[in-house]
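**Student:** Okay, here's the structure, questions in a sec.
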Amino acid sequence: MAQAPIAHGAGRSTQARNLHWLLTNLVDEVPGILSVAVVSSDGLLLLSSDPGRNEAAYAEDGEGPRGSSADLATIVSGLGSLTAGAAKLMSGGLVKQTMVTMDEGSLFVMSISDGSLLGVHATPDCDMSIIAYHMALFVGRAGHVLTPELRSELRKSMESAQ
Numbered sequence: 019m020a021q022a023p024i025a026h027g028a029g030r031s032t033q034a035r036n037l038h039w040l041l042t043n044l045v046d047e048v049p050g051i052l053s054v055a056v057v058s059s060d061g062l063l064l065l066s067s068d069p070g071r072n073e074a075a076y077a078e079d080g081e082g083p084r085g086s087s088a089d090l091a092t093i094v095s096g097l098g099s100l101t102a103g104a105a106k107l108m109s110g111g112l113v114k115q116t117m118v119t120m121d122e123g124s125l126f127v128m129s130i131s132d133g134s135l136l137g138v139h140a141t142p143d144c145d146m147s148i149i150a151y152h153m154a155l156f157v158g159r160a161g162h163v164l165t166p167e168l169r170s171e172l173r174k175s176m177e178s179a180q
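Below is the structure:
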């Protein structure tokens, strides 16, 4: 079972445990997901899946995990900023979802109500509609929970896990 590196123990809030459960459920229940990251509006990693949970996620040259959660968070933050800028220039309103398909995988980014982003790195043979559906469920359930207090708690737990 995938474990997200957030603070363990009695000091963790109910909201943090619930968000962790939602992320773990997303990773475990949706086929094709390699890595997941929740990134704050200012680009900080708030919550992530375990990047080593799937041996297929490792690069063939042995240089470490491909699409690890920290790398995914950086990419998600940058892509979120780029697409928000493009939408502003095109008077397109808020960006709801971004999808990038590659020869060796897919990347999905979905906005969460508070400006945070959910990013998913998936296998090339994933069912994109199923992943997008489950991401939308996660966003719907997590959006109202990501208060400034919870974001602060998650940031602190990510810092202490490093």
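If you count the sequence shown from 1, you need to add 18 to reach my numbering. Virtual Cβ for every residue (Gly too), placed ideally from N, Cα, C. Predicted, not measured: the structure shown is a model, and the values here were computed from it.
(1) Taking all protein chains shown into account, do 16 or more other C-beta atoms lie within 10 angstroms of the C-beta of P166, making it buried, or fewer, making it exposed?
(2) When you compare the CB positions of N36 and V163, do they come within less than 8 angstroms of one another, or not?
(3) Assuming H38 is part of the alpha helix (DSSP H), what are its boundary residues?
(4) Do S59 and V45 have their C-beta atoms within less than 8 angstroms of each other?
(5) Does DSSP put G103 in a helix, in a strand, or in coil?
(6) So, under 8 angstroms CB-CB, L97 and A105 are touching, yes? Tell me the CB distance rounded to an integer number of Å.
(7) So, M117 versus M146, is the Cβ gap smaller than 8 angstroms?
(8) Give me whichever residues DSSP pairs with G137 in a beta bridge.
(9) In the DSSP assignment, find the unbroken alpha helix (DSSP H) run with S147 in it and report its ends.
(10) Considering just the uninterrupted stretch of the beta strand (DSSP E) at V163, what are its terminal residues?
(11) For L63, name the three-state secondary structure that DSSP assigns.
(12) What span of residues does the beta strand (DSSP E) with V118 cover, start to end?
**Tutor:** Taking the geometry as given:
(1) exposed
(2) Contact flag set, yes.
(3) 32-47
(4) Not a contact, by the Cβ cut-off of 8 angstroms.
(5) helix
(6) Not quite, the Cβ-Cβ distance comes to about 12 angstroms (not below 8 angstroms), so this is no contact.
(7) yes
(8) A55, V127
(9) 146-160
(10) Where V163 is concerned, there is no enclosing beta strand (DSSP E), given that its DSSP letter is neither H nor E.
(11) If DSSP states are grouped into helix, strand and coil, L63 belongs with the strands.
(12) 115-120
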